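**Student:** Quick note, the sequences are listed as chains A, B and C, same order.
Just so we're aligned, residue 1 is where the first sequence starts under the UniProt record's numbering, counting upward by one.
Just so we're aligned, residue 1 is where the second sequence starts under the UniProt record's numbering, counting upward by one.
Just so we're aligned, residue 1 is where the third sequence starts under the UniProt record's numbering, counting upward by one.
Here a beta-carbon is modelled for each residue, glycine too, at the ideal position from N, C-alpha and C.
Predicted, not measured: the structure shown is a model, and the values here were computed from it.
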Amino acid sequence: MTPTRRAFLTAGAALPFLRGPARAQPADGTLRFGLSAYPPNLQPWVSTGGAAGTVKMLLHRRLISYNAKGELRGELAESWSRDPADGAWVFKLRPNATFQNGEPVTSTDIRWNVEQIGGEKSTAYMRAQFQAVEWIETPDPHTIRFHTRQPVAAFPDWFAGYNMGLIWHRSEAREPVGAGPFRIAAQERGSSITLEAVPNHWQGLPKIRTVNMVVYADENLRAAALQSGDVDMIEYVPWQAMSAVEADPRLKLDATTGPFMDILFNGSKGPFSDPRVRRAVAHAIRREEIVKAAFFGRGAVLEGVPMVQDTPWYDAELAKGWAYDPERSKALLSEAGFANGFQTTLLSTAQYGMHKDTAEVVQQHLAAIGIQCELRLPDWSTRVSQGQRGQYEMAIHGVSADSNDPDGLTPIFDTTLSPSHGRSFALQAPRTVAALAKGRGEFDQAKRIEAYKEFQRAALEEVPLVTLAWRSQGYAMDRKVKGFTNLPGALSTLSGAMLEEAYLG
Amino acid sequence: MRWLLRRIGISLALAWIVATIVFMTLHMVPGDPAEILLSTGGVSPDPAAVAELRERLGLDQPLLDQYGHFLLGLTRGDLGVSLVDEYPVLDEIALRLPRTLELILAGTLIAVVIAIPAGTYAALHRGGLFDRIASGAAALLLAVPVFVVGTVLVLVLAQILRIMPAGGYVPLAQNPWQHLTLLALPSLAIAKGLAAVVFRMTRASVLDALSRDYVRTAHAKGISPTRVLVKHVVRNALTPVLTVLGLHMGTLLGGTVLVEYVFNWPGLSTPLLRAVEARDYPMVVGIVLTISGLFLLINLIMDLLYAALDPRIRTA
Amino acid sequence: MKKLWIPGAIVALIILLAIAAPILGLADPVRQDIANRLAGPMAGSPLGRDEFGRDVLSRLIWGARTSLGVAFASAIIAGVIGTAFGLIGGWFRGLGEILTVRSMDIILCFPPVLLALLVVTLMGPGAGTLILVLSVLYLPGFARVTYAEVLSARSLDYVEAVRALGAPTWRILFRTVLPNVAGPVLVQLSLAVASAVVLESGLSFLGLGVVPPAPSWGLMIRGARATMEQAPMLLLWPCAALTLTILAMNLLCDGLRDAVDPRTPAGRRRLRLVDRVFPGLVPAPAPRSDAVLEVQNLTVEIATPRGPIRPVQDVSLSVRAGETLAIVGESGSGKSVTATAVMGLLPPVAVPVEGHAWLGGKDVLRLSEPEMRALRGGPMAMVFQDPMSSLNPVHTVGAQVVEAIQAHQKISSAEAWAKAEELFKRVGIADPAKRLRVYPHEMSGGMRQRVMIAMGIANNPKLLICDEPTTALDVTVQAQILDLLNDLKRETGMAMIFITHSLGVVSEIADRVAVMYAGQVVEQGRVEEVFGNPLHPYTRALLAAVPEGEEPPLGIPGIVPPPHNFPVGCRFAPRCRFATAACEAAPPPLEAIRAERQVRCIRWHELTPTEAVA
């Protein structure tokens with residue numbers, strides 16, 4: 001087994017000479033990567049989607065990131081722990097870390113970043129979370145202590161998202177100086193970005209010297225570009241192309257079931273304010289059909305709260321809590337006073353095939369229990385807008401948790417948060433929300449597990465949303481691309497960071 | 001000259017009306033640029049962050065103020081910057097318009113080279129085998145959607161035979177051969193529909209010219225049939241064909257969306273589509289203004305060309 | 001009309017299928033059966049199942065309902081509103097024009113996809129929105145077509161007349177103008193429907209069209225594109241349906257255009273010149289005579305769906321050098337066909353099946369096309385009726401004359417231009433050097449005809465055929481042209497055939513005259529003899545009816561019978577007040593009563609006793 005670059009780093013930065021041979025790769029270390037979309041912009045803290053995330057993670061360093069197994073590992077932080085005395089989270093920075101301009105990475109920089117993200121004028125994705133940071137101490141240039149208003153068990157995970165790239169505190173607004181291994185060599189708005197390795201990076205050169213990212217918005221063409229050899233690697237492999245990739249001896253597929261599809265409800269009015277009706281919906285859908293029709297079998301049935309199997313939070317019984325049972329659905333409907341069903345609408349979008357296909361299958365199954373719904377398929381932006389404003393009754397949504405920790409489900413399940421297209425609208429699920437809060441503040445593993453089991457039980461009854469199916473998220477690449485791993489589960493969207501460990505062999 | 005100035009004046013007024021309609025409609029369309037940007041990737045943004053971004057982008061100002069601001073910029077030749085990444089709209093257009101024009105010109109060239117001779121031949125042998133086959137082929141070309149043709153071309157040429165790249169763009173200066181290879185498929189796809197239209201138009205126009213008295217006169221002079229065909233039939237039949245061609249080229253300016261999408265050609269249509277999706281108001285208005293301006297320019301050129309080709313119009 | 005039949009039937013069939021969808025006993029087009037996803041042909045589903053396991057055949061037919069419904073609805077809406085706009089704009093001009101026709105330019109400025117995108121995002125996708133978008137997109141087409149037609153209809157005589165009578169505007173518009181624009185609008189309608197079917201598929205592909213699960217061809221194609229590698233047939237069916245519909249609509253549209261446009265009558269191909277061979281004819285020896293052109297027993301046959309017709313039958317004529325022969329007769333008498341047959345300019349459907357036409361020892365009816373070409377414009381030239389339409393509008397008149405010169409004389413361009421200038425001088429065009437560079441539309445009618453004559457005499461022809469060269473001109477110019485032709489004939493000694501319906505012109509220009517009726521020569525002789533003492537009742541009627549020599553013979557009741565309906569006996573008998581049973585029994589022969597004097601009437605002895613005695 002080839003030791004990874006990371007292994008060397010943790011083995012000791014004191015042995016820089018060891019790094020040389022391990023990175024001696026073919027001179028033409030250029031990786032051609034097929035992006036699914038052009039990053040709207042590359043502002044480090046603003047959420048601008050997965051494609052932007054992939055680029056941003058190569059330009060910037062976070063405090064913490066994930067290793068190939070999905071475990072936390074230090075990036076700018078060497079170590080971290082919670083101070084049992086005052087409950088502060090303490091991060092030790094790597095002393096040799098520098099920004100791309102050669103300035104050292106200090107606790108002042110990190111403090112400034114966090115203050116900006118949580119600031120009054122912030123548009124950052126993690127703005128709300130970091131506003132929960134009460135004060136920050138920087139006892140020395142390589143130590144930083146965070147005091148949160150409430151205890152947060154998954155606090156380190158907050159630093160691992162791709163919108164948490166940390167920049168030099170004296171950066172110009174338009175030219176953030178990061179500490180990542182790559183910088184932008186060339187870009188053409190809307191079509192391509194070329195990244196080149198930073199020559200004097202504090203961790204040395206990555207194995208790949210140049211990443212040439214080309215946008216292929218059409219998924220069929222993206223797959224075709226890989227198959228014809230135009231690119232070495234693509235993200236978001238279309239499901240219909242996965243078997244062709246697997247069958248091609250030149251190519252390999254690295255897929256994980258991370259994101260999932262769900263149904264959101266407008267709980268402010270109509271039948272869906274009644275949890276029994278929502279549960280009737282949950283039991284009415286044969287999810288295998290969604291997996292087959294929308295994802296060409298590349299996914300898995302999801303009949304409960306989305307917990308990854310083999311994690312402590314997973315419970316085989318609870319995972320089947322919303323199993324297909326149309327009789328039960330009908331009974332629940334009668335109980336709620338809708339024995340003869342009702343008319344409603346289902347919001348989705350025609351812009352993305354999976355949203356449309358899922359909606360079509362859901363429509364069919366709801367009709368079978370007497371809920372006749374008319375499809376509303378506007379463009380994605382209208383869908384977002386209507387979702388945010390509660391201008392719908394039911395909506396199809398596809399999402400990924402923020403992390404594999406159950407707390408990563410909070411933005412999806414906590415309906416007391418601000419109205420969003422990604423959450424049910426004005427829906428009452430008090431027990432679910434309470435259980436989530438409990439788990440968030442709990443540091444004892446056994447109690448956390450219990451809290452999140454309670455969360456699952458509550459959610460199954462209160463139905464803040466109905467989950468439908470896991471969907472496969474895949475990277476496909478030429479077999480000569482090595483060292484890249486698709487991170488497991490919800491972390492798949494963070495896999496772009498693994499490009500710095502990839503090499504062509 | 002006065003006629004020309006008048007035409008230019010009318011064109012400018014039309015472009016302004018179109019830009020205003022687009023500006024106003026866009027703001028009426030549901031969806032908020034700040035909200036959409038911060039929701040990219042399906043995440044749920046903090047409403048406070050959205051509000052902050054709206055303020056920063058000036059979207060919280062009254063619509064009329066925004067319109068006034070836009071008009072003011074327009075008088076200075078400034079189309080503003082993208083709401084998404086502050087990229088100047090004019091730069092984006094300057095980068096991408098030439099590529100769309102190249103695609104349209106290449107497609108038109110292919111269409112004309114194939115369709116005008118074919119249309120003439122079909123008209124000369126009206127009802128014959130070629131006429132029937134070509135008319136059928138034209139219907140087929142019109143009927144099979146461009147995204148199907150594109151996908152099939154990519155599947156066969158790029159994925160199965162691997163003799164063509166699947167799509168993309170390389171600047172001419174960087175690699176001329178590759179540039180042309182990449183241009184081939186999308187311009188064929190553009191030519192597809194256009195060739196069908198030009199074929200039908202040429203056929204009808206040549207048939208019409210053939211029945212004209214001056215063609216009989218030409219034959220009565222005892223000149224060769226080829227000369228009759230070239231100087232009297234095709235030359236006269238070409239005028240209406242050119243008008244139709246010009247009109248279609250104008251329409252293509254904003255209509256290459258599917259081709260650009262299917263072949264990953266970074267022209268002007270894709271950013272237009274993206275900008276509408278992102279509700280990137282300045283970008284949409286800027287591109288529409290450019291497209292309609294060009295459309296009007298092409299119309300003007302076509303009128304001038306028409307006059308050059310048909311002396312009867314020149315004096316009128 | 002035959003051309004409308006087949007495509008009309010196909011379109012009708014498709015529409016019928018779409019309308020009948022609910023009663024055809026098809027499977028439910030929206031019922032999913034994921035277990036049979038992408039299944040091939042199976043019991044009850046001859047075309048297999050789609051990506052949701054829905055029946056493809058059923059979706060195809062129900063899809064026709066949606067696709068065609070949208071297409072027809074939008075085309076008709078656009079047609080009605082657009083036509084109204086065009087009518088208003090074209091009739092009232094001024095502000096109405098700006099509001100209805102000029103405003104259409106705004107729509108044209110919009111990239112169609114953007115327009116669709118904006119409207120759909122504003123109103124939400126669906127069939128209704130789609131119809132709205134498509135009608136808006138097609139509106140300018142209808143408005144422009146109608147506008148142009150109304151403008152030209154405004155100036156038509158009958159419209160002017162109705163207007164002068166003070167009829168109310170709406171009445172003129174609906175009763176008089178609308179029927180006139182109906183043809184082009186109908187063609188535009190079929191074009192719009194065909195194009196709407198295609199656009200529907202494109203917009204549905206972008207997710208801007210019909211809302212699933214309702215079937216439409218565009219949605220089917222969109223769905224099938226994703227599964228193209230697994231189930232390519234799914235892509236084939238909707239594309240095939242689309243192609244068939246477009247093809248049928250196109251053919252229907254072509255047929256409509258032909259039916260509506262009088263200029264391109266269906267099935268008639270004019271002036272397509274290919275070498276023609278007349279099988280089974282033994283070459284006959286050239287007659288020994290001093291005639292420049294000797295036509296013997298010429299019969300021209302045209303194949304029509306109702307069987308062959310003979311617009312010219314058994315015509316014999318001759319003309320000597322320095323002599324002018326006039327051929328006179330009403331429209332449809334076959335005089336022009338005779339001339340075009342001699343020139344070898346008959347349309348391909350018309351074939352000279354019998355007879356000879358000798359010109360300088362050659363039978364021009366039996367020459368190959370290249371040999372004919374050497375004669376045309378050279379030894380034998382022709383001047384046509386309407387100089388405006390007979391001159392090519394896009395070339396200068398000089399270039400057109402030079403072209404004629406260079407076709408037969410191997411001289412340089414400069415020499416040819418000099419010669420053209422000379423010719424212009426000779427036909428009496430003042431300032432010839434300047435006039436050479438002028439376009440036909442910049443000249444007066446008389447000048448244009450002089451250009452045509454210059455072209456005709458450019459290569460010193462032995463025979464000049466003039467087909468009603470003065471009809472389109474006013475009286476004073478007519479006289480000048482006749483004088484010019486007379487002078488030219490005298491100077492060059494060429495033979496001239498002069499086709500006209502005007503007896504006055506005949507007396508002014510001709511030495512001899514042949515009177516034609518219904519494809520036959522009925523009387524021939526020297527002008528003074530024929531006019532002084534007409535033998536045939538038709539000639540007499542002609543002379544009697546035309547005191548001024550300007551009007552068509554009003555005095556003769558009835559009309560010239562059409563070629564497919566010629567009487568068995570004497571063709572003039574039905575209109576002849578002297579007709580007897582014998583006249584109608586058998587065709588009368590052309591009787592030569594003496595040299596250069598012939599008549600085709602069995603009763604001429606009785607009717608003109610003086611001549612019979614002489």
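Hey, is leucine 166 of chain A's beta-carbon within less than 7 angstroms of any beta-carbon in chain B?
**Tutor:** Along the first sequence, one-based indexing puts residue 166 of chain A at 166. Judged by the 7 angstroms Cβ criterion, leucine 166 of chain A is not in contact with chain B.
**Student:** Which residue marks the beginning of the beta strand (DSSP E) containing threonine 138 of chain A, and which one marks its end?
**Tutor:** The count along the first sequence starts at 1 and reaches residue 138 of chain A at position 138. Counting along the chain, the beta strand (DSSP E) containing threonine 138 of chain A begins and ends at 133 to 140.
**Student:** Which whole-angstrom value describes the C-beta separation of aspartate 109 of chain A and histidine 201 of chain A, a residue pair presumed to lie in contact below a C-beta threshold of 8 angstroms?
**Tutor:** Sequence index remark: in the first sequence, residue 109 of chain A carries index 109 (1-based). Sequence index remark: in the first sequence, residue 201 of chain A carries index 201 (1-based). In fact, because the Cβ distance is near 17 angstroms, the residues do not count as touching under 8 angstroms.
**Student:** Can you find the residues in the same chain that come closer than 7 angstroms, C-beta to C-beta, to glutamine 480 of chain C, ignoring five residues on each side of it along the sequence?
**Tutor:** Locating residue 480 of chain C in the third sequence gives position 480, where the first residue counts as 1. Excluding positions up to five away in sequence, the list reads Gly446.
**Student:** Taking the alpha-carbon of glutamine 473 of chain A as reference, which of A:Glu235, A:Ala459, A:His147 and A:Lys453 has the nearest alpha-carbon?
**Tutor:** Taking the first residue of the first sequence as 1, we reach residue 473 of chain A at position 473. Considering only alpha carbons, the answer is A:Glu235.
**Student:** Report the three-state DSSP secondary structure of threonine 48 of chain A (helix, strand or coil).
**Tutor:** Within the first sequence, residue 48 of chain A is the residue found at index 48, counting from 1. Coil.
**Student:** Locate the alpha helix (DSSP H) running through glycine 422 of chain A, then write down its first and last residues.
**Tutor:** Position 422 of the first sequence, counted from the first residue, corresponds to residue 422 of chain A. Note, glycine 422 of chain A: premise wrong, no alpha helix (DSSP H); not H, not E.
**Student:** Since histidine 69 of chain B is in the alpha helix (DSSP H), which residue starts that stretch and which ends it?
**Tutor:** For the purposes of this step, residue 69 of chain B is taken as the residue at position 69 of the second sequence. 63 to 75 is the extent of the alpha helix (DSSP H) around histidine 69 of chain B.
**Student:** Between the C-alpha atoms of arginine 272 of chain C and leucine 35 of chain A, what's the straight-line distance to the nearest angstrom?
**Tutor:** Here the question's residue 272 of chain C lines up with position 272 in the third sequence. Here the question's residue 35 of chain A lines up with position 35 in the first sequence. Low local confidence applies: a pLDDT of 29 at arginine 272 of chain C is under 50, so the model's placement there is unreliable, and no value is given.
**Student:** Per DSSP, cysteine 373 of chain A forms a beta bridge with which residues?
**Tutor:** The residue labelled residue 373 of chain A in the question sits at position 373 within the first sequence. Partner(s): A:Thr344.
**Student:** Please confirm if asparagine 264 of chain B has its CB atom under 7 angstroms from at least one CB of chain A.
**Tutor:** Within the second sequence, the letter at position 264 stands for residue 264 of chain B. Yes, asparagine 264 of chain B counts as interfacial toward chain A.
**Student:** Compute the distance between the beta-carbons of glutamate 142 of chain B and alanine 94 of chain B, then report whether it is under 7 angstroms.
**Tutor:** Translated into positions along the second sequence, residue 142 of chain B becomes position 142. Translated into positions along the second sequence, residue 94 of chain B becomes position 94. Reading the sequence as shown, one finds leucine at residue 142 of chain B and not glutamate. Not in contact: leucine 142 of chain B and alanine 94 of chain B (Cβ atoms no closer than 7 angstroms).
**Student:** Who pairs with threonine 324 of chain C in a beta bridge, going by DSSP?
**Tutor:** As a working mapping, residue 324 of chain C is identified with position 324 in the third sequence. In the DSSP output, where bridge partners are listed per residue, threonine 324 of chain C has C:Met496.
**Student:** With a threshold of 7 angstroms between beta carbons, is proline 21 of chain A in contact with chain B?
**Tutor:** As a working mapping, residue 21 of chain A is identified with position 21 in the first sequence. Because proline 21 of chain A sits at a pLDDT of 33, beneath the cut-off of 50, its placement in the model cannot be relied upon, and the following sentence gives the value as read from the coordinates. Taking Cβ atoms only, chain B never reaches closer than 7 angstroms to proline 21 of chain A, which makes this a no.
**Student:** Would glycine 207 of chain C pass as an interface residue toward chain A - the criterion being a Cβ-Cβ separation below 7 angstroms?
**Tutor:** Taking the first residue of the third sequence as 1, we reach residue 207 of chain C at position 207. With 7 angstroms as the cut-off, glycine 207 of chain C counts as an interface residue toward chain A.
**Student:** Is there a Cβ of chain B sitting closer than 7 angstroms to that of proline 3 of chain A, yes or no?
**Tutor:** By one-based count along the first sequence, residue 3 of chain A stands at place 3. Low confidence applies here, because proline 3 of chain A scores a pLDDT of 39, under 50, leaving its location unreliable; read the following figure in that light. Answer no: the Cβ-Cβ gap between proline 3 of chain A and chain B never drops below 7 angstroms.
**Student:** Indicate the three-state DSSP secondary structure (helix, strand or coil) for tyrosine 214 of chain B in the structure shown.
**Tutor:** Taking the first residue of the second sequence as position 1, residue 214 of chain B is located at position 214. If DSSP states are grouped into helix, strand and coil, tyrosine 214 of chain B belongs with the helices.
**Student:** Using a Cβ cut-off of 7 angstroms, pull out every chain A residue sitting near phenylalanine 52 of chain C, in sequence order please.
**Tutor:** Along the third sequence, read from residue 1 onward, the residue named residue 52 of chain C stands at position 52. Near phenylalanine 52 of chain C (Cβ distances below 7 angstroms), the residues of chain A are Ala293 and Glu360.
**Student:** How about proline 378 of chain A: is its C-beta nearer than 7 angstroms to some C-beta of chain C?
**Tutor:** Position 378 of the first sequence, counted from the start, is the residue given in the question as residue 378 of chain A. So yes, proline 378 of chain A belongs to the interface.
**Student:** Quick one, are the C-beta atoms of glycine 36 of chain B and methionine 249 of chain B less than 7 angstroms apart?
**Tutor:** Here residue 36 of chain B refers to the residue found at position 36 when the second sequence is read from its first residue. Here residue 249 of chain B refers to the residue found at position 249 when the second sequence is read from its first residue. It is worth fixing the name first, because residue 36 of chain B is isoleucine in this sequence and not glycine. Not in contact: isoleucine 36 of chain B and methionine 249 of chain B (Cβ atoms no closer than 7 angstroms).
**Student:** Which first and last residues belong to the beta strand (DSSP E) in which isoleucine 593 of chain C is found?
**Tutor:** By 1-based counting over the third sequence, the position of residue 593 of chain C is 593. It spans 591 to 594 - the beta strand (DSSP E) in which isoleucine 593 of chain C sits, taken as one unbroken run.
**Student:** Can you give the Cα-Cα distance for valine 120 of chain C and arginine 276 of chain A, rounded to whole angstroms?
**Tutor:** For the purposes of this step, residue 120 of chain C is taken as the residue at position 120 of the third sequence. For the purposes of this step, residue 276 of chain A is taken as the residue at position 276 of the first sequence. The alpha-carbon atoms of valine 120 of chain C and arginine 276 of chain A are separated by roughly 35 angstroms.
**Student:** Please identify, using Cβ separations under 8 angstroms, the residues of the region 124 to 135 of chain A that lie next to chain B, in order along the chain.
**Tutor:** Listed by position along the chain: Ala124, Tyr125, Arg127 and Ala128.
**Student:** Rounded to the nearest angstrom, what separates valine 305 of chain A and serine 44 of chain B at their Cα positions?
**Tutor:** Taking the first residue of the first sequence as 1, we reach residue 305 of chain A at position 305. Taking the first residue of the second sequence as 1, we reach residue 44 of chain B at position 44. If you take the alpha carbons of valine 305 of chain A and serine 44 of chain B, they lie about 19 angstroms apart.
**Student:** At a CB-CB cut-off below 8 angstroms, which residues of chain B make contact with arginine 62 of chain A?
**Tutor:** Here residue 62 of chain A is taken as the residue at index 62 of the first sequence, counted from 1. What arginine 62 of chain A touches in chain B: nothing, since even the nearest Cβ is about 17 angstroms away.
**Student:** Would leucine 42 of chain A and arginine 61 of chain A be called neighbours here (beta carbons separated by less than 7 angstroms)?
**Tutor:** The residue you call residue 42 of chain A lines up with position 42 of the first sequence. The residue you call residue 61 of chain A lines up with position 61 of the first sequence. It is not a contact, given that the beta carbons lie outside the stated cut-off.
**Student:** Where does methionine 164 of chain B sit, in a helix, a strand or coil, going by DSSP?
**Tutor:** Stepping through the second sequence from its first residue, residue 164 of chain B is reached at position 164. Methionine 164 of chain B: coil per DSSP, three-state reduction.
**Student:** Am I right that tryptophan 91 of chain C and valine 150 of chain C are in contact with their C-beta atoms under 8 angstroms? What's the rounded C-beta distance?
**Tutor:** What you label residue 91 of chain C is simply residue 91 of the third sequence in a count that begins at 1. What you label residue 150 of chain C is simply residue 150 of the third sequence in a count that begins at 1. Indeed they touch by this definition, with Cβ atoms about 6 angstroms apart.
**Student:** Listing by chain order, which chain A residues have their CB less than 7 angstroms from the CB of residue 626 of chain C?
**Tutor:** There is simply no residue 626 of chain C to check, as chain C begins at 1 and stops at 614 in what is shown.
**Student:** Using a C-beta cutoff of 7 angstroms, does glutamine 240 of chain A count as contacting chain C?
**Tutor:** Within the first sequence, residue 240 of chain A is the residue found at index 240, counting from 1. Cβ-Cβ to chain C under 7 angstroms: yes for glutamine 240 of chain A.
**Student:** Please compile the residues from chain A whose C-beta is within a distance smaller than 8 angstroms of the C-beta of alanine 226 of chain C.
**Tutor:** Here the question's residue 226 of chain C lines up with position 226 in the third sequence. By Cβ distance, chain A contributes Asn220, Pro238, Gln240 and Gly353.
**Student:** Just confirm the distance between the C-beta atoms of valine 401 of chain C and aspartate 467 of chain C, as a whole number of angstroms; I'd bet it's less than 8 angstroms.
**Tutor:** If you number the third sequence from 1, residue 401 of chain C lands on position 401. If you number the third sequence from 1, residue 467 of chain C lands on position 467. With a Cβ gap of about 19 angstroms, valine 401 of chain C and aspartate 467 of chain C do not count as contacting.
**Student:** Could you tell me whether the region 106 to 124 of chain B touches the region 164 to 171 of chain B, using the rule of 3 or more Cβ pairs below 8 angstroms?
**Tutor:** They do not touch, by the three-pair rule.
**Student:** With a cut-off of 7 angstroms, does the C-beta of glutamine 174 of chain B fall near any C-beta of chain A?
**Tutor:** Indexing the second sequence from 1 puts residue 174 of chain B at position 174. Judged by the 7 angstroms Cβ criterion, glutamine 174 of chain B is not in contact with chain A.
**Student:** If I'm right that glutamine 363 of chain A touches leucine 375 of chain A with Cβ under 8 angstroms, what's the distance once you round it to whole angstroms?
**Tutor:** Against the first sequence, residue 363 of chain A aligns to sequence position 363. Against the first sequence, residue 375 of chain A aligns to sequence position 375. Right, the Cβ-Cβ distance comes to about 6 angstroms (below 8 angstroms), so this counts as a contact.
**Student:** Beta-carbon separation of arginine 220 of chain A and threonine 30 of chain A under 7 angstroms?
**Tutor:** Position 220 of the first sequence, counting from 1, holds the residue named residue 220 of chain A. Position 30 of the first sequence, counting from 1, holds the residue named residue 30 of chain A. It is worth fixing the name first, because residue 220 of chain A is asparagine in this sequence and not arginine. Result no, Cβ atoms of asparagine 220 of chain A and threonine 30 of chain A do not sit closer than 7 angstroms.
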